[in-house]
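Colleague: Pasting a structure below so you can have a look.
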Amino acid sequence: MNIIEIKKLNKTYRTGKVEFKALDDVSVTVERGEFVAIMGPSGSGKSTLMHLMGFLDSPDSGSYIINGRETSGLSDDEYAQLRSSVIGFVFQQFHLLARESTIENIELPLIYAGNTDSNGRGLKLLKDVGLSSKENNMPNELSGGERQRVAVSRALINDPDIILADEPTGNLDSKSQTEIMELLSNLNKNGKTVIVVTHDEEVSEYAARIIKIRDGKVVSDEKKIGKNYIAPKDLDVKKENEKSTAKPVITRIEFVDYIKQAYNSILGNKMRSILSMLGILIGVAAVIAMLGVGQGAKDSIAKSLSSLGSNLLTVIPGNFHMGGVSLGTATVTRFTEQDIEALEKLPDVKYVSGTVSGRAQVVFGGKNWNTSVQGVGVNYPVMRNSVPSYGAFFTDEDMRSRNRVCLLGQTVINNLFGDANPVGREIKINRIAFKVIGVLPLKGATGFRDQDDIIILPLSTAMYRLLGKIYIDSIDVQVKDMNLMDAAEDEITQVIRKKHRITNPDDTSFQIMNMAELQKTFAQTSEAMSLLLGFIAAISLLVGGIGIMNIMLVSVTERTREIGLRKAIGAKRKDILTQFLIEAVLMTFLGGVAGIILGGLIALLISVFAKWNVEVSAVAIIGVTLFSIAVGVVFGITPARKAAELSPIDALRYE
Ligand code: ADP
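Numbering (our numbering), first residue to last: 32 to 686.
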């Protein structure tokens with residue numbers, strides 16, 4: 032029964048404008064179980080015929096029937112399936128994967144056949160070729176003959192019907208040549224159809240039939256007398272064809288193998304991989320640190336907004352501009368306690384508190400601390416969310432009598448008292464004795480300033496006893512309702528203008544600030560900043576992606592022969608595509624993970640040394656991880672496609 036029927040096969044190569052007819056109307060039939068040697072001088076078309084028989088290349092015209100099935104016009108994937116299940120290749124150059132062990136090389140075709148388990152077949156084949164002890168050796172640890180024996184085992188792993196061997200002993204010494212030919216001969220005796228391309232008479236001795244080719248034509252086809260082959264019992268052709276048309280999807284075992292391959296390939300070129308991951312790493316680290324700082328700033332602004340108190344307007348002398356550039360005239364309105372009294376009478380105003388501030392040296396029991404002192408009004412605790420956590424605030428009486436009482440922030444307490452309770456104690460502020468009457472609630476740091484490093488005392492005491500000021504630095508006004516903010520602002524302006532006899536409507540000698548709005552502006556600015564920085568980081572990710580693409584293209588070129596081999600043993604386009612895509616993604620993913628760690632470290636350093644509030648959120652980490660995977664897919668797809676599109680024979684022959 033014929034296993035191969037080839038009719039009028041033609042193949043013409045074109046190099047530039049020159050055409051070369053490598054096969055000219057070749058017709059050959061091979062019966063199941065035959066041992067055929069194809070012979071002829073160099074350049075006669077032997078290999079071309081073998082490649083067509085093995086579906087590594089396609090003919091220009093003619094018919095090729097295998098196992099009774101016409102194969103012309105099949106799709107790439109169907110050819111791959113035939114290479115995987117019907118044919119086992121043995122090449123002159125062995126084509127073992129250098130980074131895979133003996134057993135891994137042998138079992139490689141299983142992956143593409145969708146086989147989940149070799150059931151020890153690989154080991155058994157290895158034993159059959161006398162290499163059981165070399166299971167874990169790498170190809171470069173084997174002799175030429177041993178390598179070819181591994182290659183023969185690989186050809187057998189999917190139990191193909193036909194073994195195609197292209198000059199299998201071309202690179203071997205005569206002893207190894209005998210071993211390999213004995214091996215092929217035994218396979219033939221066990222029912223395999225063996226076709227060998229050779230120019231060596233000794234090799235052809237093993238065959239039972241010799242087809243001679245010259246200039247692309249069959250010139251003789253002789254069966255040797257006395258060398259009959261044992262026809263195997265007829266196979267179930269239908270079943271065979273089913274085997275060769277099955278289309279497995281990517282299985283889990285394949286997937287695991289792809290990851291392993293990608294991992295090996297990345298490890299195999301450590302330096303190169305690290306360098307190409309660097310772009311992604313830096314980009315991701317920048318994004319993580321940036322988002323962390325941005326989020327932290329936003330949070331601390333929100334916190335300080337609430338610590339400020341609500342519905343608050345602050346009246347300050349002079350012209351305030353963000354950025355500190357004042358364009359107004361040099362005259363400033365100086366506020367006094369009469370202004371406070373006048374503002375208190377306004378209909379929309381709830382509370383008013385004047386503020387003076389300065390710095391002072393504080394002493395308690397031999398301990399010194401330099402801190403900021405603030406004189407404020409009695410309503411300060413309600414207005415600024417500052418009800419003492421311990422002790423009490425000062426009273427109207429303290430204010431009237433300019434009593435030397437004060438409240439301490441936690442930082443001051445830590446520095447002067449440690450863990451001891453300060454309430455009731457006497458401290459010296461600028462050498463003047465003050466009684467501590469309360470502890471201020473914890474406010475934490477906002478950005479650069481520690482809000483707990485402060486001493487609060489009555490405005491009058493601060494002005495006349497401590498700081499020697501006769502004017503008030505600023506006046507806080509709490510408005511009754513949020514909707515009355517604008518109305519209150521107008522009222523305040525009018526009162527102050529009247530009291531200070533300001534007539535010019537463009538006067539800039541005092542300002543009313545809506546603190547909440549100011550803070551919001553800060554928040555927006557910092558958001559815009561982190562957006563901008565995020566954008567820059569995204570660009571560096573893009574650049575990193577291009578780096579990955581570049582290195583993947585190099586990798587594809589370098590591994591062209593490996594790709595050819597994989598295709599020859601049954602890999603489909605999608606297999607090669609997936610493999611290279613996974614490699615690119617694994618690279619960007621690893622770069623991303625390293626970047627997240629580095630970014631986290633940078634954020635940590637910023638929070639420790641710059642004392643900024645930094646928050647790296649889980650959302651940012653997950654987002655960035657997904658993004659680096661996406662970068663791998665986007666930039667890996669072109670090189671992966673390039674690899675997948677390679678024709679098996681061109682790839683195998685790539686130098
Ligand atoms: P053999 O195996 O008998 O030495 P081949 O089948 O390899 O010969 O090649 C037959 C002829 O086809 C040779 O002359 C060779 O130069 C030519 N040839 C083979 N492959 C190509 C190709 N890809 N492009 C152009 N010419 C080719």
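We put the CB at the ideal spot given by N, CA and C, even for glycine. A quick note: this is a predicted structure, and the numbers were derived from the prediction, not measured.
Return the chain-ordered ranges of every alpha helix (DSSP H) run that is complete within the region 75-127 and spans a minimum of 4 residues.
Modeller: For secondary structure counted as the alpha helix (DSSP H) over 4 or more consecutive residues, the region 75-127 holds these complete runs in sequence order: 77-84 and 107-116.
Colleague: Would you kindly check if the distance between the Cβ of Y289 and the Cβ of T609 is under 8 angstroms?
Modeller: yes
Colleague: Determine, using beta carbons only, whether I313 and V655 come nearer to each other than 8 angstroms.
Modeller: It is not a contact, given that the beta carbons lie outside the stated cut-off.
Colleague: Please tell me whether, using a cut-off of 7 angstroms, the distance from the CB of T609 to the nearest non-hydrogen atom of the ligand ADP is below it.
Modeller: no
Colleague: DSSP three-state call for H352: helix, strand or coil?
Modeller: Confidence in H352 is poor, its pLDDT being 49 and thus under 50, which makes the residue's placement too unreliable to answer from.
Colleague: Report all residues from its chain with a CB closer than 6 angstroms to the CB of D44; omit the five preceding and five following residues, and keep chain order.
Modeller: Note that residue 44 is Tyr in the sequence shown here, rather than Asp. Hits under 6 angstroms: F51 and A53.
Colleague: For a test of the three-state rule: what should DSSP assign to G64, helix, strand or coil?
Modeller: coil
Colleague: When you compare each of I305, S58, N535 and I118 to K243 by their alpha carbons, which one comes out closest?
Modeller: S58
Colleague: Which residue comes first and which comes last in the alpha helix (DSSP H) that contains P419?
Modeller: Where P419 is concerned, there is no enclosing alpha helix (DSSP H), because DSSP gives it neither an H nor an E.
Colleague: Quick check on the DSSP output: the alpha helix (DSSP H) that includes R597 runs from which residue to which?
Modeller: Where R597 is concerned, the enclosing alpha helix (DSSP H) stretches over T591 to A599.
Colleague: Here's the rule: buried if 16 or more other CB atoms are within 10 angstroms of the residue's CB, otherwise exposed. What is F425?
Modeller: Residue environment analysis places F425 among the buried positions, since at least 16 neighbouring C-beta atoms fall within 10 angstroms of its C-beta.
Colleague: Using only CA atoms, which one of K530, D107 and V407 lies nearest to S491?
Modeller: V407
Colleague: Between which two residues does the alpha helix (DSSP H) holding L215 run?
Modeller: Per DSSP, L215 belongs to the alpha helix (DSSP H) from S205 to K220.
Colleague: So does the region 363-373 actually touch the region 342-350, counting three or more Cβ pairs closer than 8 angstroms?
Modeller: yes
Colleague: Taking its Cβ as the centre, do 16 or more other Cβ atoms sit within 10 Å of R178, making it buried, or is it exposed?
Modeller: buried
Colleague: Do V616 and V510 have their beta-carbon atoms positioned less than 8 angstroms apart in this structure?
Modeller: No, these two residues do not count as a Cβ contact at 8 angstroms.
Colleague: Any residue with its Cβ nearer than 6 angstroms to a heavy atom of the ligand ADP should be included. What is that list in chain order?
Modeller: After applying the 6 angstroms Cβ criterion, the set is Y44, T46, F51, A53, G71, S73, G74, S75, G76, K77, S78 and T79.
Colleague: Measuring CB to CB, does P199 end up less than 8 angstroms from G119?
Modeller: no
Colleague: Anyone know if the C-beta pair for I194 and K223 falls short of 8 angstroms?
Modeller: yes
Colleague: To which residues of the same chain is R114 closer than 7 angstroms at the C-beta, ignoring the five residues directly before and after it?
Modeller: G85, F86, A599, I600 and G601
Colleague: List in chain order: all unbroken alpha helix (DSSP H) runs of 4+ residues lying wholly within the region 423-462.
Modeller: 427-432 and 441-447
Colleague: How should R180 be labelled, buried or exposed, when 16 other C-beta atoms within 10 angstroms of its C-beta is the threshold for buried?
Modeller: buried
Colleague: Is R462 buried or exposed, if buried means 16 or more other CB atoms sit within 10 Å of its CB?
Modeller: exposed
Colleague: Where do the N-terminal and C-terminal ends of the alpha helix (DSSP H) with S659 fall, by residue?
Modeller: A649 to E676
Colleague: Determine the direct distance from the alpha carbon of G247 to that of V234, and round the result to whole angstroms.
Modeller: 21 angstroms
Colleague: Should the region 642-652 be called in touch with the region 321-330, which here means at least 3 C-beta pairs below 8 angstroms?
Modeller: yes
Colleague: Report buried or exposed for Y495, applying the criterion of at least 16 other Cβ atoms within 10 angstroms of its Cβ.
Modeller: Under a 10 Å Cβ-count criterion, Y495 is classified as exposed, with fewer than 16 other Cβ atoms of the shown protein chains found around its own Cβ.
Colleague: G595: which of G64, A111 and S164 sits nearest, CA to CA?
Modeller: A111
Colleague: Does DSSP classify T609 as helix, strand or coil?
Modeller: helix
Colleague: Using DSSP's beta-bridge definition, name the partner residues of W400.
Modeller: V393
Colleague: I need the DSSP call for K529, collapsed to helix, strand or coil.
Modeller: helix
Colleague: Suppose contacts are defined by Cβ-Cβ distances below 8 angstroms. Is G422 in contact with I485 by that definition?
Modeller: no
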